[in-house]
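A short write-up of the structure that comes next.
Chains as they are written, first to last, in the numbering used here: chain S, 1486 to 1601; chain L, 2 to 119.
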């Protein structure tokens, strides 16, 4: 079964539009971490945010914000006033063990195209 | 403070040849991971090391694959008798696990090695 689902394969927006990338996860563990990574065309995965299962507070960092809802098993990512430099593939990931083994389960990614 | 580095960045080989990739983690990171990423997919876990000990291997890691981290610093991933299906991006990541605090830090990824098997 897919542990992390990113249903949006590709999204295209025009610069300055807001865009939300969806992430739905599945786990039986009560303790887990969720992550978002950005993968620009160069290929390197860039860490954006980590959230643990006990902290449901939403977070804002500049133009980025994240909405974590355990009730719907979702961890959505919103970019406000998108810019061309935001064009990349974005991955959501789940880690089910806090300490002993941190195996990441990645979604299939959402490709974001921001057009000028 | 340098990030995770991988070498080479690109590798083209003929089917049946052996290839070896190297990963240098962030210094002082005690965990090192290998992932494989195919086109249009997210990275898939292959194996990981805690210091020099290889603690877990995915079923994706067939007998033709071997990974080492001999001194608990850099790691190598070797693929023997390459097949066209091995063509992918091979990503390395590292993290620091605090033994006493029992918390897991974020995994930081390298730029990857893109392998093409002809």
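Using N, Cα and C, we set each Cβ at its ideal position, and we do this for glycine too.
Using only the alpha-carbon positions, how far apart do residue i and residue j sit?
i, j, result
"residue 68/L", "residue 1501/S", "45 Å"
"residue 1542/S", "residue 11/L", "41 Å"
"residue 1585/S", "residue 64/L", "Below a pLDDT of 50, predicted positions are generally treated as unreliable, and residue 1585/S, at 49, falls in that range; no measurement from the model is reported."
"residue 82/L", "residue 58/L", "19 Å"
"residue 85/L", "residue 114/L", "16 Å"
"residue 73/L", "residue 44/L", "23 Å"
"residue 61/L", "residue 48/L", "9 Å"
"residue 33/L", "residue 3/L", "15 Å"
"residue 52/L", "residue 1498/S", "44 Å"
"residue 35/L", "residue 1527/S", "18 Å"
"residue 1534/S", "residue 1576/S", "11 Å"
"residue 1558/S", "residue 14/L", "43 Å"
"residue 108/L", "residue 1518/S", "12 Å"
"residue 1552/S", "residue 1596/S", "19 Å"
"residue 1490/S", "residue 1556/S", "16 Å"
"residue 1547/S", "residue 1571/S", "13 Å"
Along the chain, where does the beta strand (DSSP E) containing residue i start, and where does it finish?
i, result
"residue 1498/S", "1495-1499"
"residue 1579/S", "1573-1580"
"residue 1474/S", "The question about residue 1474/S has no answer here: the residues shown for chain S are numbered 1486 through 1601."
"residue 1523/S", "1518-1524"
"residue 55/L", "54-58"
Show which residues of chain S have a CB atom less than 8 Å away from the CB atom of residue i.
i, result
"residue 112/L", "1527, 1528, 1529"
"residue 107/L", "1520, 1532, 1535"
Let me see if you follow: with CB-CB separation under 8 Å, is residue i close to chain L or not?
i, result
"residue 1572/S", "no"
"residue 1588/S", "yes"
"residue 1591/S", "yes"
"residue 1547/S", "no"
"residue 1576/S", "yes"
"residue 1595/S", "no"
Please compile the residues from chain L whose C-beta is within a distance smaller than 9 Å of the C-beta of residue i.
i, result
"residue 1559/S", "Under the 9 Å cutoff, chain L gives no residues; its nearest Cβ is about 17 Å from residue 1559/S."
Measuring CA to CA, which of the options is closest to residue i?
i, options, result
"residue 116/L", "34/L, 18/L, 56/L", "18/L"
"residue 50/L", "61/L, 93/L, 21/L", "93/L"
"residue 75/L", "21/L, 99/L, 40/L, 46/L", "21/L"
"residue 1520/S", "1503/S, 1569/S, 1573/S, 1589/S", "1589/S"
"residue 1598/S", "1564/S, 1578/S, 1581/S, 1579/S", "1564/S"
"residue 54/L", "9/L, 70/L, 14/L, 13/L", "70/L"
"residue 90/L", "96/L, 78/L, 26/L", "78/L"
"residue 88/L", "38/L, 26/L, 6/L, 7/L", "38/L"
"residue 1592/S", "97/L, 46/L, 24/L", "46/L"
Does residue i come within less than 8 Å of chain S when only Cβ atoms are used?
i, result
"residue 73/L", "no"
"residue 43/L", "yes"
"residue 39/L", "no"
List, in order along the chain, the chain S residues whose C-beta lies closer than 9 Å to that of residue i?
i, result
"residue 46/L", "1588, 1589, 1590, 1591"
"residue 92/L", "1528, 1529, 1530"
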